[in-house]
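Novice: Handing you this structure, nothing more for now.
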Amino acid sequence: MGTNNKHKINNQNLEEWFRSTGFLFPTNELELARFDKLYADYDFKLKDVSIDAKSIVEGKICSCGTKVLHIKKSDELKSEIEGLRMVARKGQEVPKHILDKMTKKHRKNNDSEEE
Numbered sequence: 159m160g161t162n163n164k165h166k167i168n169n170q171n172l173e174e175w176f177r178s179t180g181f182l183f184p185t186n187e188l189e190l191a192r193f194d195k196l197y198a199d200y201d202f203k204l205k206d207v208s209i210d211a212k213s214i215v216e217g218k219i220c221s222c223g224t225k226v227l228h229i230k231k232s233d234e235l236k237s238e239i240e241g242l243r244m245v246a247r248k249g250q251e252v253p254k255h256i257l258d259k260m261t262k263k264h265r266k267n268n269d270s271e272e273e
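What follows is the structure in structure tokens.
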């Protein structure tokens, strides 16, 4: 019983299969035919797009403009933000474990400054 090694991928033909599957550019008619057969049903998204290679090489790539988006704050969001600002300023409604941690850090900083 003979085996057909023509379609098996091994170290000797690995590069040929890379070229046939599109990981490298096809270099002969067999590799190109395999590539075309493999991707016959593939819907190329850029099939109607032209690329100006000369502009790319010359560095004249299209420039993209910037767009500034303005987010309108609702009254509810404004009052929530204001409430958080007041908590941060006055230390109101901050959980005890957080206050303890802050106090410990301030004491540690003050101790190191006095030395």
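Per the numbering used here, the sequence shown starts with residue 159, numbered consecutively.
By construction, the Cβ of each residue, glycine as well, lies at the ideal position given by its N, Cα and C atoms.
Can you list, in chain order, the residues of its chain whose CB lies under 7 Å from that of Lys236, leaving out five sequence neighbours each side?
Specialist: Within the same chain, Lys236 has no close Cβ partners at all.
Novice: Quick one: Cα of Glu189 to Cα of Asn169, how far?
Specialist: Roughly 17 Å between the two C-alpha positions.
Novice: What is the rounded straight-line gap between the Cα of Arg265 and the Cα of Lys254?
Specialist: Between Arg265 and Lys254, the C-alpha separation is close to 16 Å.
Novice: Would you be able to state if there are at least three C-beta pairs under 8 Å between the region 169–178 and the region 187–207?
Specialist: Yes, the region 187–207 touches the region 169–178.
Novice: Mapping DSSP to helix, strand and coil, what is Thr179?
Specialist: In the structure shown, Thr179 sits in a helix (DSSP, three-state: H, G or I).
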